[in-house]
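Student: Quick note on our numbering: the sequence shown kicks off at 2 and runs consecutively.
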Amino acid sequence: MSLSIVKSVLPAGVIEIAPRGEIDVDTAYEVREAIAEVLAKGRPGRIELNMRLVTFIDSVGISAMVAGFQTAEVSGVKLIVTEPSRFVHRQLWVTGLLGLFGAPEPYFAGAATPEVLPGA
2 MSLSIVKSVL PAGVIEIAPR GEIDVDTAYE VREAIAEVLA KGRPGRIELN
52 MRLVTFIDSV GISAMVAGFQ TAEVSGVKLI VTEPSRFVHR QLWVTGLLGL
102 FGAPEPYFAG AATPEVLPGA
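Below you can see the structure in the form of structure tokens.
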């Protein structure tokens, strides 16, 4: 499976980078390049890697994420992971890197948004 990456501008100067597919030895460079391209165009308030549609990530993919984090940090930009798929969440947890990327909760397709009860 190939990798596609969509970049979006969110409110408050946040740039979302949303990879879709597999991040592995053949595609990891695309994630690094997407982060570098965003930083080359300016200093966003934050970069969010939305990993909801990533079905697989290997050690090279995780290394690319860490390199992107470091590149953003040197530029004074916070990079976090949002909505990691269960697979991505597990890989980040196993490698001890979950906290580095903001300790996001895993994304569950079809999960209902928690309902806030009156008086809670």
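Glycine included, C-beta positions come from ideal geometry on N, C-alpha and C.
#1: Is Ile48 closer than 7 Å to Ala35 when the C-beta atoms are compared?
#2: So, helix, strand or coil for Leu11, using DSSP?
#3: When the Cα of Leu158 is compared with those of Ala73, Ile58, Phe88 and Lys42, which residue comes out closest?
#4: Alpha carbon to alpha carbon, how far is Gln71 from Leu50?
#5: Give the C-beta separation of Leu56 and Ser9 to the nearest angstrom, bearing in mind that I take them to be a contact with Cβ-Cβ under 8 Å.
#6: Give every residue of the same chain whose Cβ lies closer than 6 Å to the Cβ of Ala13, excluding the five residues on either side of it in the sequence, and list them in chain order.
#7: Can you tell me whether Pro20 sits near the ligand ADP, meaning its C-beta is under 6 Å from at least one heavy atom of the ligand?
Tutor: Taking the coordinates as given:
#1: Against the sequence shown, residue 35 aligns to sequence position 34. Against the sequence shown, residue 48 aligns to sequence position 47. Result no, Cβ atoms of Ala35 and Ile48 do not sit closer than 7 Å.
#2: Here residue 11 corresponds to residue number 10 of the sequence shown, with the count starting at 1. Reduced to three states, the DSSP call for Leu11 is strand.
#3: Past the boundaries of the shown model lies residue 158; the chain is included only from 2 to 121, so the question cannot be answered.
#4: In the sequence shown, counting from the first residue as 1, residue 71 sits at position 70. In the sequence shown, counting from the first residue as 1, residue 50 sits at position 49. Cα-Cα distance, rounded: 14 Å.
#5: Along the sequence shown, read from residue 1 onward, the residue named residue 56 stands at position 55. Along the sequence shown, read from residue 1 onward, the residue named residue 9 stands at position 8. The question names Leu, yet the displayed sequence has Thr at residue 56. Not really, about 20 Å apart at Cβ, beyond 8 Å.
#6: Within the sequence shown, the letter at position 12 stands for residue 13. Cβ within range, chain order: Gly46.
#7: What this structure holds is no ligand at all, so the ligand ADP is not there to describe.
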